[in-house]
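What follows is one structure encoded as structure tokens, with my remarks underneath.
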Amino acid sequence: MSSITLLVFITACPFLVVADIQYMPWPEHLFSCLESFQKVTDITEEVGEHIFRHCIDVQNIKSSKLSWSWVNITGVGGLPRTKRQATTPITSPPSGYRIRKEYRTLTDDERNRFHAALNAMRRAGEFQIFANYHRNIPGRNVLQEFHNGPAFLGWHRVYLARFEEALRRYDNTVSLPYWNSSMDFYMTGDPANSVLWSNLFLGTRSGFVTSGPFAGWPGGANSVLNRDVMLNRRGLLISTDDINNVLRLCRTEDVSFPPRRPLNSIIEFHHNRPHSFVGGNTGDMGTLPNAAFDPAFFLHHAYIDYIWELFRTRQRSACNVDPTTDYPNTVSIQGPNSFMWGNDLSAYRNIDGYADYWTRNWYGYQPTPTCSSVNPDCGSRYLRCDTTRNTCVSRSASEVLPSTGKRRKRQAIAPFSDVNAIYDNAYTPKQNVYSVDGVCDTKLWVYIPVQIVHIRPKGYTFTSFPITAGQLDASFDVYYAPTESYLYNYSQPGNPKEYQQCQKYESGAKPIYVTSDGISYYGTYTDYAIVDGRLPVQSSVVYIAVKKPSGTSTEAILSARDICGCVCKPQCLVRNSNPPAYKPCSGAIKLTDSSTNMYASTIYEATMMEWDIAFGNIRSKKPDAAIVFTCTFGNEWPWINYQTTLNEDQTRGHHVRTPGGLPTRYR
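Letter by letter, the sequence shown follows residues -19 to -1, 1 to 648 in mature numbering (1 follows the signal peptide of the UniProt record, and there is no 0).
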């Protein structure tokens, strides 16, 4: 599909300045990550949002901005460091061997004891200590020591084992269960309606966690624990096909980063998706430094460890490979002999995470239950047998919980305790936590208008057909672009990879999500615009928050995608262009105190920047947006190195305009 290229400029400035917003090149680590993916895949093979969010994580973990001074890893609630720090590797746990089971196969008593132990651990402050191991600290970017590389598998194995041992000090009968998300993947209904998100298990699925065993828990952003479990996003979960893609290989280097083809064999890459399923756009699980504050994190990672153990077993039985020594050839902080981060982990080297004594002395796994038409019993009232696949799948909350007989009103923050309260959080306002470097306050944020331009792809037909001489013609709808039009020829067909079983927008109402990720600060914000996907081309505006520039500049990167994970491309307004013209850019921006005419302190004020309301008359002022995202969804790689064009000399004003260019004036 042809890209939208409106202007080509030559400039000597490192930043392109338009109306007090400076357009920046890609942050170094983000672009390097995107380049590494481009070498091994394209967006017809991998979901664009999945690639970009992984690279945002890489940018964050390698950035010094992702650390905060208040992080306490030495002692909380009367637990001093001297009692917690390991000095020599412990190869056998004091509390003895334990078996990890799938969360929904626990008896009610086992599950309640597990919840009680977690709550006791949190009240003592020890849960927070372990959660803080999973974030950077001032002066040390520890997250890069065990993410995006071969240390990921071993570090998290040791981390979970030491966490589980600490948990057993509160109740030595409990063990850490695992959440097999493939059981939700194959549910007949929406996985977001799984019993997992009822008060019997993890509680609230969307917004601040106000119900269930973890109601009122603090989250990682100095606010209440927050979730944004995604409806109609089955493809964010792990399928048996994903697992089989891992298990068909033999070497650890083939199932770990750095990326290589095929990407669908990399365990860490698969692990990212359930993080996004639970954390969504605004929840703790969706951000690396906050993820471990959600108990769902430990259940999810136990399943990732279970998959790795299946792989290790196959290495021995089918590949004649010793998993204890099959550590990829890596140097520096993820090398085999580098010591692990975390007081309880600091005596272990990365290679120690590959040792056999973990599953020999510390713990084992009860296999995921199976079933068939002959034996359909999955061993739990919270599971049922899908006899078409001979697979145990999760029941929905409505299948196992009694109905109240009355319908709950729609809420901005709705706990999933009433099984009749089913709502679509694709169209529900997002509860952002407004955290800037760990401080949660809406006054620290300002809003900028972002324009969305959606061009209807070919291949869609909506059920509103023309009638000629009394005959209905269902070959096309009344909204389509004529085949002889420029727009029709412009919107070349594409087939970018989408999340599996992604819900289509039959009504035409389509949300486009826009996210700001801090570069000069740690913080993220997401909201969405609604476009009418029926129309040949349609525009909408969303107001996106970034850190308020107070004395220092604010740097952030904006990105946009649809509900299926297909990404939109940013374009930036060219200074002094008349009529307004746009050029491709990275989406990275810089705001200063002098940019006050480009942002507002509230969404209301940002809206009033665009509307003139006086004496009963309403008139659009519609200033040209500084950034426009064009959603065309072609097959071309959407992340181009715009650093070169931004560093060229544009002062001469020479430019080339493509015929009939979009946006912002449409043909």
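We treat Cβ as the ideally placed atom computed from N, Cα and C, and that holds for glycine.
Status (buried if at least 16 other CB within 10 Å, exposed otherwise) for residue i
| i | result |
| --- | --- |
| A450 | exposed |
| A299 | exposed |
| F446 | exposed |
| V420 | exposed |
| A541 | buried |
| V512 | buried |
| D275 | buried |
| E107 | buried |
| P551 | buried |
| residue 657 | Nothing about residue 657 can be read from this structure; the chain reaches only from -19 to 648. |
| A462 | buried |
| W343 | buried |
| I594 | exposed |
| G197 | exposed |
| N413 | buried |
| K387 | In this prediction, K387 has a pLDDT of 45, which is less than 50 and means its spatial position is unreliable; what the coordinates show is noted afterwards. K387 comes out exposed. |
Neighbourhood of residue i by C-beta distance below 6 Å, restricted to the same chain and skipping five residues each side
| i | result |
| --- | --- |
| F250 | L244 |
| T632 | Low per-residue confidence applies at T632: pLDDT is 29, beneath 50, and the placement is therefore not dependable, though the value from the model is reported in the following sentence. Closer than 6 Å at the Cβ level, and outside the excluded window around T632, lies no residue. |
| H128 | I42 |
| S237 | P131 |
| C(-7) | Below a pLDDT of 50, predicted positions are generally treated as unreliable, and C(-7), at 33, falls in that range; the measurement from the model is reported next regardless. Same-chain partners within the cutoff: there are none. |
| Q40 | P8, H10, L11 |
| D498 | I37, T505, I538 |
| C359 | P350, C352, C366, C373 |
| N203 | G419, C421 |
Chain D within 7 Å of residue i, Cβ atoms only
| i | result |
| --- | --- |
| G546 | Here chain D cannot be found, since the structure has a single protein chain. |
Same chain, Cβ closer than 7 Å to residue i, five either side skipped, listed in chain order
| i | result |
| --- | --- |
| M5 | F(-5), E536, S567, A569, I570, K571 |
| D405 | Caution applies to D405, whose pLDDT of 45 falls short of 50 and renders its modelled position unreliable; the value that the coordinates give is listed next. Correct list, in chain order: L212. |
| D422 | Y415 |
| P70 | A328, Y329, D333 |
| R155 | A small correction: the amino acid at residue 155 is Val; Arg does not occupy that position in the sequence shown. Excluding sequence neighbours, V155 sits near R94, F95, A98, L148, R149. |
| Y287 | Y159, Y346 |
| E290 | T340, Y346 |
Residue from the options whose Cα sits closest to the Cα of residue i
| i | options | result |
| --- | --- | --- |
| E83 | V210, C373, I118 | C373 |
| S466 | P517, L453, Y428, I224 | P517 |
| M168 | G345, C366, L157 | C366 |
| P75 | L453, S246, L148, A196 | L148 |
| P317 | F133, Y151, G597 | F133 |
| T442 | I436, R556, E487 | E487 |
| V355 | P304, S361, T368 | T368 |
| F189 | V205, G201, W178 | V205 |
| T351 | A328, T86, Y338 | T86 |
| N93 | P194, G77, Y460, L141 | P194 |
| S379 | S187, L364, N371 | L364 |
| Q481 | A202, L177, A101, G216 | G216 |
| T507 | S501, T496, S456 | T496 |
| P438 | G489, N371, L141 | G489 |
| F614 | T533, D574, G514 | G514 |
| R103 | M579, A273, Y580 | A273 |
| Y502 | R214, E145, Y308, D418 | D418 |
| P239 | I436, T444, G77, F18 | F18 |
Bridge partners - residue i, DSSP secondary structure assignment
| i | result |
| --- | --- |
| W618 | Answer is none; W618 lacks a bridge partner. |
| D367 | T372 |
| A490 | D513 |
| E27 | The partner list for E27 (beta bridge, DSSP) is empty, contrary to what the question assumes. |
| E536 | K571 |
| V548 | R542 |
| Y563 | L554 |
| D508 | V495 |
| V431 | V523 |
| R81 | Y346 |
| R143 | DSSP, once it has assigned bridges, lists no residue as partnering R143. |
Contact set for residue i: own chain, Cβ-Cβ below 8 Å, skip 5 residues either direction
| i | result |
| --- | --- |
| L218 | S162, S163, D165, F166, P172, R254, P255, F258 |
| Q432 | S520, S521, V522, A606, I608, V609, F610, P644, T645 |
| L15 | W7, I32, F33, C36, W620 |
| D303 | Q296, R297 |
| E479 | V28, G216, C545, G546, C547 |
| L177 | Y84, R85, W160, D165, L183, S375 |
For the 8 Å Cβ check, are there 3 or more pairs between the region 212 to 230 and the region 109 to 119? no
Exercise for review: Examine the Cβ distances between the region 277 to 287 and the region 130 to 142 and report whether three or more of them are shorter than 8 Å.
Suggested key: yes
query = On the three-pair Cβ rule with 8 Å, is the region 541 to 551 touching the region 23 to 32?
reply = yes
**Prompt:** Taking contact to mean at least 3 C-beta pairs separated by less than 8 Å, is the region 555 to 565 in contact with the region 524 to 535?
**Reply:** no
- Message: Check whether the region 264 to 272 and the region 207 to 216 touch, using three or more Cβ-Cβ pairs below 8 Å as the test.
- Response: yes
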